[in-house]
Amino acid sequence: MRFRSILALPFAAAVPVLAEPSARDVEFFEKKVRPILVERCYECHSAESGKSKGGLTLDSQPAILQGGDNGPALVAGDPGKSLLIEAVRYQKRELQMPPKSPL
């Protein structure tokens, strides 16, 4: 399974109702998704790095849901319309993330 597919799974499962995620969803996110975000995204999109390029930080659920200059990073219940998923899938040239190479 490619990294971008892994990124879509917890957002599709855990975010739709904006309720508390299940322990299973949290575990999946912490083991499979957060390491990818830390490795490939946090350098430019985290409070810890002091950077939020495009106004986007990805190190908390509220920040991800708020999004950045282009709008919310995730659309609750519809990961296919989520800018974050679109960006890592390289669907639009202006949104491709990470910018140097796909996940």
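Per my numbering, the very first residue in the sequence shown carries number 1190; after that it's consecutive. No residue lacks a Cβ here, since even glycine has one placed at the ideal position from N, Cα and C.
Once you ignore the five residues that flank residue i on each side, which residues in its own chain have a CB closer than 8 Å to its CB?
{"i": "E1232", "result": "S1238 and K1240"}
{"i": "K1270", "result": "V1264"}
I'd like to know whether the C-beta of residue i is nearer than 9 Å to at least one C-beta of chain C.
{"i": "Y1231", "result": "Considering every chain present, this structure includes no chain C. It has just one protein chain."}
Less than 9 Å between the beta carbons of residue i and residue j, yes or no?
{"i": "L1272", "j": "L1254", "result": "no"}
{"i": "G1256", "j": "A1262", "result": "yes"}
{"i": "V1277", "j": "P1291", "result": "yes"}
{"i": "A1236", "j": "A1252", "result": "yes"}
Could you pull the start and end residues of the alpha helix (DSSP H) that residue i belongs to?
{"i": "D1214", "result": "A1212 to F1217"}
{"i": "P1261", "result": "No alpha helix (DSSP H) contains P1261, which DSSP labels as neither H nor E."}
{"i": "V1227", "result": "R1223 to R1229"}
So, at 6 Å on beta carbons, what are the nonlocal neighbours of residue i in its own chain, with the 5 sequence-adjacent residues on each side left out?
{"i": "Q1280", "result": "none"}
Evaluate the contact criterion for the region 1218–1233 versus the region 1245–1252: three or more CB pairs, one atom per stretch, below 8 Å.
Using a C-beta cut-off of 8 Å, the region 1218–1233 makes contact with the region 1245–1252, since at least three inter-stretch Cβ pairs fall below that distance.
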